[in-house]
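Q:
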Amino acid sequence: YEQAGVGPSDLDLVELHDCFATAELVHYDNLGLCEEGGAADFFLSGATWRDGRTPVNVSGGLESKGHPIAATGIANIWEVCHHLRGEAGDRQIEGAKVGLAHVIGLGSACGIHILEKSGL
276 YEQAGVGPSD LDLVELHDCF ATAELVHYDN LGLCEEGGAA DFFLSGATWR
326 DGRTPVNVSG GLESKGHPIA ATGIANIWEV CHHLRGEAGD RQIEGAKVGL
376 AHVIGLGSAC GIHILEKSGL
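Quick note on numbering: the sequence shown equals residues 276 to 395 in the numbering used here.
#1: In the DSSP assignment, what residue or residues form a beta bridge with residue 376?
#2: My guess is that residue 377 and residue 306 are in contact by the Cβ rule of under 8 Å, so how many angstroms apart are they, rounded?
#3: Tell me where the alpha helix (DSSP H) around residue 356 begins and ends.
#4: By Cβ distance, which residues of its chain are closer than 7 Å to residue 379, with the 5 residues on each side in sequence left out?
#5: Measuring straight from C-alpha to C-alpha, what distance separates residue 368 and residue 318?
#6: Are the CB atoms of residue 281 and residue 355 within a distance shorter than 7 Å?
#7: Work out the CA separation of residue 294 and residue 342 for me, nearest whole Å.
#8: State the beta-bridge partners of residue 331 as determined by DSSP.
#9: In chain order, what residues of the same chain lie with their CB nearer than 7 Å to the CB of residue 391, ignoring the 5 residues before and after it?
#10: Straight-line CA distance for residue 278 to residue 284?
#11: Count the other C-beta atoms from every protein chain shown that fall within 10 angstroms of the C-beta of residue 290, then say buried if there are 16 or more, exposed otherwise.
#12: Buried or exposed: residue 381, going by 16 or more other Cβ atoms within 10 Å of its Cβ?
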């Protein structure tokens with residue numbers, strides 16, 4: 276967040292690596308989307324829904340769209356870019372300007388890209 280000059284509250288959407296159901300909850304904490312230990316409450320509050328404060332995995336996530344293993348990271352970036360460009364169709368988060376794409380690799384590697392619509 277520091278390098279991008281934004282914080283979790285600035286994110287209009289998040290595509291995170293949910294290779295199994297509990298991973299999504301773990302990453303809410305890891306990415307600072309909620310208070311430490313507050314992942315379940317964050318989810319239950321509706322904050323992660325399409326119309327929530329921080330929409331998460333509006334693509335359906337890996338458990339819905341499939342897990343292309345080596346292509347997962349670029350798929351998450353692709354999804355965020357489509358929202359920033361206003362090209363996400365029925366999944367579109369209107370007015371999206373800042374998005375986060377997250378990927379992990381076998382638990383030992385992690386990549387996070389914060390993307391911002393140009394011309395802001």
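Cβ atoms here follow ideal geometry from the backbone N, Cα and C, with glycine treated the same way. These figures come from a predicted structure and were not determined experimentally.
A: Reading from the atomic positions:
#1: In the sequence shown, residue 376 corresponds to position 101, counting from 1. In the DSSP output, where bridge partners are listed per residue, residue 376 has 290, 388.
#2: On the sequence shown, residue 377 is found 102 positions in, with the first residue counted as 1. On the sequence shown, residue 306 is found 31 positions in, with the first residue counted as 1. The pair is a contact, with the Cβ atoms about 7 Å apart (cut-off 8 Å).
#3: Translated into positions along the sequence shown, residue 356 becomes position 81. 347-359 is the extent of the alpha helix (DSSP H) around residue 356.
#4: Within the sequence shown, numbered from 1, the residue matching residue 379 stands at position 104. Within the same chain, residue 379 has close Cβ partners 292, 385.
#5: Here residue 368 is taken as the residue at index 93 of the sequence shown, counted from 1. Here residue 318 is taken as the residue at index 43 of the sequence shown, counted from 1. Those two C-alpha atoms are separated by around 18 Å.
#6: Along the sequence shown, one-based indexing puts residue 355 at 80. Along the sequence shown, one-based indexing puts residue 281 at 6. No; because the gap between Cβ atoms is not below 7 Å, this pair is not in contact.
#7: Residue 342 sits at position 67 when you count from the first residue of the sequence shown. Residue 294 sits at position 19 when you count from the first residue of the sequence shown. Near 7 Å, if we compare the C-alpha coordinates of residue 294 and residue 342.
#8: By 1-based counting over the sequence shown, the position of residue 331 is 56. Paired residue(s): 289.
#9: Counting from one through the sequence shown, the residue named residue 391 turns up at place 116. Closer than 7 Å at Cβ, skipping near neighbours: 372, 373.
#10: What you label residue 278 is simply residue 3 of the sequence shown in a count that begins at 1. What you label residue 284 is simply residue 9 of the sequence shown in a count that begins at 1. If you take the alpha carbons of residue 278 and residue 284, they lie about 15 Å apart.
#11: Residue 290 sits at position 15 when you count from the first residue of the sequence shown. Residue 290 comes out buried.
#12: Along the sequence shown, read from residue 1 onward, the residue named residue 381 stands at position 106. Answer is exposed; the Cβ neighbour count stays below 16.
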